[in-house]
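For what it's worth, this note's numbering labels the leading residue of the sequence shown as 427, then goes sequentially.
Below is one structure, written out as structure tokens; the observations come after it.
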Amino acid sequence: MGELAEGTIQLLNYLISGFVTAWIFYSFTPFRINNQFERVIQALIFTVIIKSSFFFIEWLLLLVGKAYSFGQIYANTEEIISLVLAVFYGLLFSYLSNGDYIHRVSRYLGISQEHSYVSELFYAFKSNPDKYIILNTKTDSTFEGRRIYGYPDEFPSKHSEGHFNISDPSWIGEKTETIEGEEQVVSVLIAMSGVENILIPSEYVAWIEFIKPAENSDSSN
Numbered sequence: 427m428g429e430l431a432e433g434t435i436q437l438l439n440y441l442i443s444g445f446v447t448a449w450i451f452y453s454f455t456p457f458r459i460n461n462q463f464e465r466v467i468q469a470l471i472f473t474v475i476i477k478s479s480f481f482f483i484e485w486l487l488l489l490v491g492k493a494y495s496f497g498q499i500y501a502n503t504e505e506i507i508s509l510v511l512a513v514f515y516g517l518l519f520s521y522l523s524n525g526d527y528i529h530r531v532s533r534y535l536g537i538s539q540e541h542s543y544v545s546e547l548f549y550a551f552k553s554n555p556d557k558y559i560i561l562n563t564k565t566d567s568t569f570e571g572r573r574i575y576g577y578p579d580e581f582p583s584k585h586s587e588g589h590f591n592i593s594d595p596s597w598i599g600e601k602t603e604t605i606e607g608e609e610q611v612v613s614v615l616i617a618m619s620g621v622e623n624i625l626i627p628s629e630y631v632a633w634i635e636f637i638k639p640a641e642n643s644d645s646s647n
């Protein structure tokens, strides 16, 4: 039993830098891992990257040290450098993931058609910044199929959870107008008087429309 506990402690000490990187990555990105086994595997992958980088740095310092001395190397130098690398890689992978940089290059090279975002919903909002949207609610929800127009201050990472935080919200209604001698049904905005923001549970939303900016619409006609 004691040997098992000692082995577990040694394993955790070995993986600690990987866990730090994983903690930073999942703190700065919308990704979540619920399975404990997957967390250990992710930490192991990060640990391999960190240890490989440390061995390269160690080799480089020994090479440079033949010509110039940096001073005494202490026993805990590996732990300090590994911790610094853990923080660095955590921030780096968060930056690359949130910006879709790696997958953007892979799509350009034809290697993959995937993106690095957590869901198609998240990708759609990141690909359409600063655009107003229309939320089409489900007919069997509290909103009974009504349409809501506004600016998305916040949106959920996944469609199955979270809320849409909509500022300057308006209901979308319909009215009949005579256009060129013919009666046509047109959409009209009905302001929600006194409402600055409204939270809509994502589970109530059937589909989303991203609205083109007015200047783009005018130039295309």
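All C-beta atoms, glycine included, are put in the ideal place defined by N, C-alpha and C.
To the nearest angstrom, how far is the alpha carbon of residue 483 from that of residue 436? So the alpha carbons of these two residues sit roughly 23 Å apart.
Check this for me: beta carbons of residue 596 and residue 623, under 8 Å apart or not? In this structure, residue 623 does not lie closer than 8 Å to residue 596 by Cβ.
What number of angstroms, rounded off, separates the C-alpha of residue 547 from the C-alpha of residue 587? Rounded to whole angstroms, the gap between the alpha carbons of residue 547 and residue 587 is 11 Å.
Given residue 647, which residues of its chain have a CB within under 8 Å of its CB, disregarding the five upstream and five downstream residues? The predicted position of residue 647 is uncertain, since its pLDDT is 40 and thus under 50; a value taken from the coordinates is nonetheless stated next. So the list is empty, once near-sequence residues are dropped.
Please go through the segment 443-523 and give each complete alpha helix (DSSP H) segment of 4 or more residues, from N-terminal end onward. Taking only runs of at least 4 residues, the alpha helix (DSSP H) segments lying wholly in the segment 443-523 are 462-491.
Quickly, what does DSSP pair residue 610 with across the bridge? List them, please. BP columns for residue 610 point to 603.
Using the C-alpha atoms, what's the distance from residue 485 back to residue 515? Distance between the alpha carbons of residue 515 and residue 485 is about 20 Å.
Among 629, 441, 574, 468, whose alpha-carbon lies nearest the alpha-carbon of residue 589? When the alpha-carbon of residue 589 is set against those of 629, 441, 574, 468, the nearest one is in 629.
Please report how far the alpha carbon of residue 440 lies from the alpha carbon of residue 510, in whole angstroms. Rounded to the nearest angstrom, the two C-alpha atoms are 15 Å apart.
Run the CB neighbour count on residue 576, radius 10 Å, all protein chains shown included, and call it buried at 16 or more, exposed below. Classification for residue 576: buried.
Let me check one thing: in DSSP terms, what residues is residue 625 bridge-paired to? According to DSSP, residue 625 bridges with 591.
Alpha carbon to alpha carbon, how far is residue 627 from residue 458? Give it in angstroms, no decimals. In this structure, the CA atom of residue 458 is about 20 Å from the CA atom of residue 627.
When you compare the CB positions of residue 549 and residue 543, do they come within less than 8 Å of one another, or not? Cβ atoms of residue 549 and residue 543: closer than 8 Å.
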